[in-house]
Amino acid sequence: MAETWRPYLSQLTVPIPATPGLDPLTMLTDDADIATWQNEGLPADRMSIENATILTSCHRWPLMVDPQLQGIKWIKNKYGDHLHVIRIGQRGYLDAIERALAQGDVVLVENLEENLDPVLGPLLSRETIKKGRYIKIGEKECEYNPGFRLILHTKLASPHYQPELQAQCTLINFTVTRDGLEDQLLAAVVSMERPDLEELKSKLTKRQNCFKITLKTLEDNLLSRLSSASGNFLGDTELVENLETTKWTAADIVEKVKESKVTEAKINEAREHYRPAAARASLLYFIMNDLNKIHPMYRFSLKAFSVVFQKAVVKAEPDDDLKLRVSNLIDNITSSVFQYTTRGLFECDKLTFIAQLAFQILLRNKEINPVELDFLLRYPVQPVETSPVEFLSNHSWGGIKSLCLMDEFRNLDRDIEGSAKRWKKFVESECPEKEKFPQEWKNKTSLQRLCIMRALRPDRMTYAVRDFVEEKLGGMYVIGRSLDFAVSFEETGPTTPMFFILSPGVDPLKDVEKHGKKLGFTFDNKNFHNVSLGQGQEAMAEQVLDLAAKKGHWVILQNIHLVARWLSTLEKVLEQKAEGSHENYRVFVSAEPSSTPEGHIIPQGILENSVKITNEPPTGMHANLHKALDNFNQDTLEICSRENEFKSILFVLCYFHAVVAERRKFGPQGWNRSYPFNTGDLIISVNVLFNYLEANPKVPYDDIRYLFGEIMYGGHITDDWDRHLCRTYLEEFIKPEMMEGDLCLAPGFPLPGNMDYNSYHQYIDDTLPAESPYLYGLHPNAEIGFLTQNSQKLFRTVLEMQPRDGAAGEVAGMTREEKVHTLLEEIIEKLPEEFNMAEVLGKAEERTPYQVVAVQECERMNLLTQEIKRSLNELSMGLKGELTMTIEMENLQNSIFLDMVPETWTKLAYPSMSGLTLWFTDLLARIKELEAWTTDFVLPCAVWLTGFFNPQSFLTAIMQAMARRNEWPLDNMSLQCDVTKKNREDLTSPPREGAYVHGLYMEGARWNSQTGLIVDARLKELTPIMPVIFIRAIPVDKQENTNMYQCPVYKTRQRGPTYVWTFNLKTKEKPSKWTLAGVALLLQV
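Residue numbers (the numbering used here): 2 to 1086.
This is the structure in structure tokens:
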């Protein structure tokens, strides 16, 4: 209004006059109404007042979006007993609406979901019949009283309603704002710190509100009398007296208001000293509130946050110096919220939370530059930059070049080139985040050093960020400590359940039983109930909850994720039982988190009102091996008559179990897909081992390997290459040599001999080498790879969590919309014209297998470029205001802003893990390659295999061309891959048969061109490029299989679903070595 409309009205050729300082709110409401609302519990911030004004003035039914439940609290106070509160789906809700409709009452429909019952359609759109006297609800005609009022309410934070519902209702956003919450928390902290001030302010506000109401009443009475007076109204004694009273009262009130204003100014000045504490608390709440973007389980209510906030204020260290007291408040509020939040987060998300915490606090205090933070999070790399120094990759050098565009980092590229030795020593040090930067770069700020480090050593960024948080916030924020269960229990109550977020292989409910015993709640005392949910257990759970609420018992509800349909009922039951229940009543709930946001089913109400706790299994080989062995005891070791064999294979199984469980952390290089291996697999395998050893005179190695690898553990596995990996581990670990003392489970860790149970644990402590990828058969580069991906994920998540308002919403002086519009126009301008398919088909007359592939690729490329153009033009019109913004357009805008490839594009594109900038550069290269090929349809000298949507089709075309030429059956053919010593530039013509392909990378090892073999990778060289590969088709029986490693080819590092083909590569080492090392060829890195 102030920024757009008023300047526009004043600059017209014939300006439209507007009263200076005009507030449109005053035309819809007055001070008296606002005062009444605030006395009824409406928050005092501007946005809440605007919302209340719209709600009371709107013609259509209001629909409140109220995730923090502040609006509904006000509505319930405002209408009191005259309000009918119902929920859709509860028993008899339509009858309640029908009665209210006839009597002209107010109905509040609370906790709406995104889909409404269609039976309410006529009521929402006020489709009256019989001259406006009736409305049809279902088949029934219900009497309609014009005094009837309907208020709809949802606690969903960003609901997506059907357009017709949005047209039928007035949507009002009651979501609390940062400034609004700051004012509310300021009132809370002052009422605790200086109750005298807050009481005085409260009395003052009420007094001023009463003044406003009195004045309004007097003015209304006076105007009413004046309008009804006839003839000479000076003769109307009563009217004149009323006028005199109004004048005298008004003068008195004006005097009192003046006094009040002076007092109010003094109070406000005293209150302002506490504002930094309220501002910090408000900031923390919004960081907490954004955590559900990481995982839908992370939900926190404002009510629960307020309790934590108040406890933190009470516990803060007192001090007579006000400044120090406020500083203590800030520290204690921050640490309390940190502890409350982190105990409900998975380990992998804790660093994301503390990084966001540190960055937002520093931004708020203006201690860091938003442009530098934006670089750190986005890491915009200048594409096609070749590194001039051998210790930095092209990707790193592209980042350095981008960084040099900022004044603070000018000449960084020259310094690295000029002092290459010093920088090489720094980059190659083991923990560069602990070292000093070369030259004057060591004097840069902590954030600036992080920016440089992100380019030089992305794999060390998780450690560097941890150090940064420790430096800025303190050591307690980075030390991983598990909270004592008793401490967490203190925060529960009849209205606050405890929610355990389950992890495989961990039973957190043992803590509940242990603590219950201390307090006298046990199964024997019949005041402790444990319901494991599943089919038909819902009624039992409801009975137990009813009994427990009355008698003050404890209830455990296990695995609530198994009863998806009953969860909304559980939410209501927990809410109802909480009110007026016994003070000792407690509920403990457990559920597994869903692997995808779409699969998330736990209701928001249960999550928000609970104290959430995560329990995760230990990490690292050492802890996992001990944990696997803990499933057995000395008696287990002695049950088998063939003690030597049984003990050896049992220990191997424990090591195997620890390896397969912990290998997950290496991402796709560990396992193509993630599997829920658990202790049950290990225990059953040991039982099978005992049975087979007792039943056979010789150890049936093949049989037990098959049972473990294909059934017990293999039963979880869905990917063929993962199954092959599992088999290979067992072939290496369980074989006759193990009984001869020649078997090493990992370098430096031989299989122990016959020992007792405790000695095995001691052997692990004494002999197991330090944690490293070697323990899993992987190369140390695997750790660098997974650490790099972890840091990329960390920054990507923190970037997505940045607030969209204020400084973070603006980058380099441009608003979010301006930045998106600039990028959008750049993409449209660079995108070439689509392929003219009629022309392409005209050139491809022969329709050879290669030409068919090229035509198909052009068709798919056209579909993609058409969608890119269509969606960008649509978004451009939306940003200009020529089209209504849809959800799809909003998602596209967010993706472009966050440098992510939009979902609608990826559906039509090829798999890729790149950000939008690099993805678009790659797209242009693919189009260029296709244009060159389709000019004359002559096969390129070397084909860029990466450039295909479907590389399999090209590899199949090689076989088809050969089969046609020699009239061989296609089923009996396979591909032979010969790695040449040439690079792409060395080739001048294609081969007579088959094709040269280039653009492949090897992960997990490297290719030695001199010897023509796979060899160990060089340290820090994660994906060395392969020379040109000559691929031709040969009959299957001529395929050479000795000294060959069957190497899978994938499109991206994601592996799994991006599998393309298997290439046989020569090796001197055993192929199993490369299988365990996760060696693969990749088309993109």
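All residues carry an ideal CB built from backbone N, CA and C; glycine is no exception.
*Can you tell me the Cα-Cα spacing of residue 1020 and residue 784, whole angstroms?*
11 Å
*Taking only the alpha-carbon atoms, compute the straight-line gap between residue 70 and residue 139 and give it to the nearest angstrom.*
31 Å
*When the Cα atoms are used, what is the spatial distance from residue 144 to residue 117?*
22 Å
_Cβ neighbour criterion (16 or more within 10 Å) applied to residue 252_ = exposed
*Can you tell which of 955, 298, 958 has the C-alpha that lies nearest to the C-alpha of residue 597?*
298
*asked:* Buried or exposed for residue 524, going by 16 or more other Cβ atoms inside 10 Å?
replied: exposed
*For the region 876-894 and the region 922-938, state whether three or more C-beta atom pairs, one from each stretch, are separated by less than 8 Å.*
no
_Beta-carbon spacing of residue 388, residue 395 below 9 Å_ = Yes; because the gap between Cβ atoms is below 9 Å, this pair is in contact.
*asked:* Quick test of the definition: if touching needs 3 or more C-beta pairs under 8 Å, does the region 334-350 touch the region 297-314?
replied: yes
_In whole angstroms, give me the CA-to-CA distance for residue 916 and residue 135._
58 Å
*Hey, quick one: how far does the alpha helix (DSSP H) through residue 82 stretch, first residue to last?*
Premise fails: residue 82 is in no alpha helix (DSSP H) and is neither H nor E.
*Are there 16 or more other CB atoms within 10 angstroms of the CB of residue 541, so buried, or fewer, so exposed?*
Residue 541 comes out exposed.
_Closest residue to residue 108 among 793, 184, 96, 279 (Cα-Cα distance)_ = 96
*Can you tell me whether DSSP reads residue 460 as helix, strand or coil?*
Of the three classes helix, strand and coil, the one that applies to residue 460 here is helix, per DSSP.
_Out of 585, 614, 583, 586, which one is the CA nearest neighbour of residue 592?_
614
_Bridge-paired residues (DSSP) for residue 137_ = Looking at the DSSP output, residue 137 sits in a beta bridge with 142.
*What are the residues that DSSP puts in a beta bridge with residue 797?*
The partner list for residue 797 (beta bridge, DSSP) is empty, contrary to what the question assumes.
_Classification of residue 263 by the beta-carbon crowding that lies within 10 angstroms, buried from 16 upward_ = exposed
*Answer with buried or exposed for residue 75, where buried requires no fewer than 16 other C-beta atoms within 10 angstroms of its C-beta.*
buried
_Span separating the alpha-carbon of residue 1009 from that of residue 1067_ = 10 Å
*For residue 220, count neighbouring Cβ atoms within 10 angstroms of its own Cβ and tell me buried if that reaches 16, exposed if not.*
exposed
*Apply the 10 Å Cβ neighbour rule to residue 1056 and answer buried if 16 or more other Cβ atoms are within range, or exposed otherwise.*
buried
*asked:* For residue 821 and residue 897, what's the separation of their Cα atoms in angstroms?
replied: 6 Å
*Under the three-state reduction of DSSP, which class applies to residue 533: helix, strand or coil?*
strand
*asked:* Excluding the 5 residues flanking residue 705 on each side, which residues of the same chain have their C-beta closer than 8 Å to its C-beta?
replied: 650, 689, 690, 693, 735
*Cβ neighbours of residue 659 in the same chain (closer than 8 Å, five flanking residues each side left out)*: Take residue 659, set aside five residues on each side of it, and the residues of its chain with a beta-carbon closer than 8 Å to its own are 622, 625, 626, 628, 629, in chain order.
_Residue-level contact to chain D via CB, residue 564, 9 Å cutoff_ = Looking for chain D here will not work: only one protein chain is present.
_For residue 751 and residue 760, the rounded distance between their alpha carbons_ = 15 Å
*asked:* Taking 8 Å as the cut-off, is the beta-carbon of residue 951 closer than that to any non-hydrogen atom of the ligand ADP?
replied: The ligand content of the structure shown is nil, which means the ligand ADP is not present either.
*Opening and closing residue of the beta strand (DSSP E) in which residue 631 lies*: Residue 631 -> no beta strand (DSSP E), and no H or E assigned at all.
*Can you name, in chain order, every residue of its own chain whose Cβ lies under 7 Å from the Cβ of residue 409, other than the five neighbours on each side?*
Sequence-distant Cβ neighbours of residue 409 in its own chain, meaning closer than 7 Å and more than five residues away, are 449.
_Sequence-distant residues of the same chain with beta carbon closer than 7 Å to residue 675, five excluded per side_ = 665
*asked:* Only counting the same chain, and skipping five residues up and downstream in sequence, which positions put a Cβ closer than 6 Å to that of residue 312?
replied: none
*Compare the Cα-Cα distances from residue 795 to each of 769, 462, 588, 330 and report the closest residue.*
462
*Ranges of the beta strand (DSSP E) found wholly within the region 572-640, counting only runs of at least 3*: 587-592, 612-615
*residue 50 beta carbon less than 9 Å from that of residue 62*: no
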